[in-house]
Amino acid sequence: MGTVTRGTTNPNRLRRMDRWIAVTHGAALRRAADPLAVDLGYGAAPWTAVELLGRLRTAAPRTRVVGIEIEPDRVAAAKPYERDGLVFRHGGFEIPVAGRPLLVRAANVLRQYDESEVAAVWARLCARLAPDGLLVEGTCDEIGRRHVWVALGPEGPRTVTFATRLGSLERPSDLAERLPKALIHRNVPGEPVHAFLRDFDRAWAAAAPYASYGARQRWIRAVRDLAGDWPVTDSARRWRQGEVTVTWKALAPSD
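Everything in the sequence shown is counted per the numbering used here, starting at 948 for the first residue and increasing by one.
In structure tokens:
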């Protein structure tokens, strides 16, 4: 179920998302009897699935990964990269695996769909999750400098995470171009995500004196100020990585 994507991919493109998953979801993977993760729509080359296995196994050594692609030729091209804990299968949003995965990562998959289709896709994917499973769906640029993703449980969306290589950032609202499909058309006055990015830019400007200590210290200060008005869910440990996570309800479309 679904349509073929452009398939664009690069090594290390999803490293920020992978590291966040390993930290926030690693304990659940370690506890699971069968820690199964799915890389949905890995693209024309298998790099993201190969890297996902390596990064998750640093947190949970028994993790296994299934890469799923709707284009049969891409699956055939990925087969030589199969190894212990990593296989590739033909499929789409139906997630053709036995049992319920503990993780589904769908990066840069919904970009080509209409906003009106997102909720149904989320619901279908969440219905396939294990009871303590996680769906991570979002978008990043071609070399992995800027990411925005939504984390969802079986009950639906939970949080939105903004992540960036701080040295490349002029202002936080630069991340608007990488908002996931559910939010990218909502960055307009009157919508919560627009207000959030506006306030983040203001906090970033106010934190300019901290730039003399480096972009990381400026980011930490800006997020600390931002947390006074927005429900930030993470701590300085993640802020240091150029991340900030906010509850979904705070940024959800107004309608």
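Ideal placement from N, C-alpha and C gives every residue a C-beta, glycine not left out.
Within 10 angstroms of its Cβ, does Pro-1043 collect 16 or more other Cβ (buried), or is it exposed?
That one is exposed.
What are the boundary residues of the alpha helix (DSSP H) that includes Ala-1053?
Counting along the chain, Ala-1053 falls outside any alpha helix (DSSP H), though it belongs to the beta strand (DSSP E) covering 1050-1054.
Trp-1186: which of Ala-1162, Pro-993, Asp-1176 sits nearest, CA to CA?
Nearest C-alpha to Trp-1186: Ala-1162.
Could you check whether the stretch 1030-1041 touches the stretch 1005-1018, counting it as contact only if at least three pairs of C-beta atoms, one from each stretch, sit closer than 8 Å?
Taking 8 Å as the limit for Cβ pairs, the verdict is that the stretch 1005-1018 does touch the stretch 1030-1041.
When you compare each of Asp-1088, Gly-1039, Val-1179 to Met-964 by their alpha carbons, which one comes out closest?
Shortest Cα-Cα distance from Met-964 to any of Asp-1088, Gly-1039, Val-1179 involves Asp-1088.
Within 10 angstroms of its Cβ, does Ile-1090 collect 16 or more other Cβ (buried), or is it exposed?
Under this definition Ile-1090 is an exposed residue.
Hey, out of Pro-958, Arg-1047, Tyr-1157, whose CA is closest to Pro-1101's CA?
Ranking Pro-958, Arg-1047, Tyr-1157 by CA distance to the CA of Pro-1101 puts Arg-1047 first.
From the DSSP output, which residues share a beta bridge with Gly-1100?
Looking at the DSSP output, Gly-1100 bridges to Gly-1103.
Check Val-985 in the structure and name its three-state DSSP category.
Strand.
Own chain partners of Ala-1123 with C-beta closer than 7 Å, once the 5 adjacent residues on each side are dropped:
Within the same chain, Ala-1123 has close Cβ partners Asn-1134, Leu-1144.
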